[in-house]
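Reading through the structure tokens given below for one structure.
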Amino acid sequence: MLSIFSDFLENCIEVFMDDFTVYGSSFDACLDSLDRVLNRCIKTNLVLNFEKCHFMVEQGIVLGNIISSQGIEVDRTKISIIAQFPYPSCVREVQSFLGHVGFYKRFIKDFNKKALPLSRLLQKDIKFNFDNRCKEAFDFLKRALTTTPIIQAPDWTVPFELMCDALSYALGVVLA
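If you count the sequence shown from 1, position 11 lands on 22 in the numbering used here, and the numbers rise without skipping.
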């Protein structure tokens with residue numbers, strides 16, 4: 012899929028595995044991009060399942076997130092499941108909870124630090140003790156997900172600074 016649309020990437024299309032999203036800054040730009048992408052599908056014999064296609068929408072669910080002109084936000088139907096989780100009573104339930112909330116960790120500031128009491132319960136040879144620190148972490152993560160902000164692109168009219176650092180195995184970026 013990436014090779015088919017390589018010249019469109021970061022211009023008018025986002026590709027993830029066998030899914031793609033075509034976008035544009037205006038209705039006409041989106042229509043033009045869609046035309047080019049669909050023509051490429053025809054040219055490369057890429058078959059689309061039109062029952063799964065959504066055209067010219069202002070928002071949609073992509074990889075479990077709601078994408079719109081406002082930015083990226085969590086899908087409330089997924090969050091309602093997490094909000095119903097009771098306190099875990101075993102390691103497997105902690106793993107399940109952290110797996111669910113971990114999918115949305117980019118929406119929670121200092122996620123790893125806040126989840127640390129729960130993560131410690133997953134360490135080998137540690138007796139399961141869901142104490143008050145674990146309850147506070149659990150409650151905080153559930154509350155944070157039900158009040159998550161929308162992740163937005165920067166306002167290009169306002170000055171900002173992007174600080175970057177890289178190693179051979181990691182990359183760090185801070186937007187200030």
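Quick reminder that beta carbons are idealized off the backbone N, C-alpha and C, glycines included. Remember, it's a predicted structure, so these values are computed and weren't measured experimentally.
Where residue i sits in the DSSP three-state scheme
{"i": "C64", "result": "coil"}
{"i": "A181", "result": "coil"}
{"i": "D39", "result": "helix"}
{"i": "F31", "result": "strand"}
{"i": "I53", "result": "helix"}
{"i": "V102", "result": "helix"}
{"i": "E25", "result": "strand"}
{"i": "V85", "result": "strand"}
{"i": "K120", "result": "coil"}
{"i": "K153", "result": "helix"}
{"i": "D46", "result": "helix"}
{"i": "L109", "result": "helix"}
{"i": "L59", "result": "coil"}
Identity of the residue in the options nearest residue i by Cα
{"i": "Y98", "options": "I72, A148, L156 and L173", "result": "A148"}
{"i": "S17", "options": "C41, C52 and F38", "result": "C52"}
{"i": "K124", "options": "Q106, H111 and C145", "result": "C145"}
{"i": "D136", "options": "V85, V102 and F118", "result": "V102"}
{"i": "E69", "options": "E62, V58, G82 and L57", "result": "G82"}
Residue(s) in a DSSP beta bridge with residue i
{"i": "G71", "result": "I78"}
{"i": "M174", "result": "V185"}
{"i": "L20", "result": "I24"}
Anticipated Cβ contact below 8 angstroms, residue i with residue j, distance rounded
{"i": "L109", "j": "S91", "result": "That pair is no contact at about 18 angstroms."}
Residues near residue i in its chain [Cβ-Cβ closer than 6 angstroms; skip 5 each side]
{"i": "L7", "result": "Not covered by the structure: residue 7. The range shown for the chain is 12 to 187."}
{"i": "C175", "result": "V184"}
Own chain residues within Cβ distance below 8 angstroms of residue i, not counting five before or after
{"i": "T55", "result": "I15"}
{"i": "V33", "result": "C23, I24, C41, S44, L45 and V48"}
{"i": "A94", "result": "K153, L156 and T157"}
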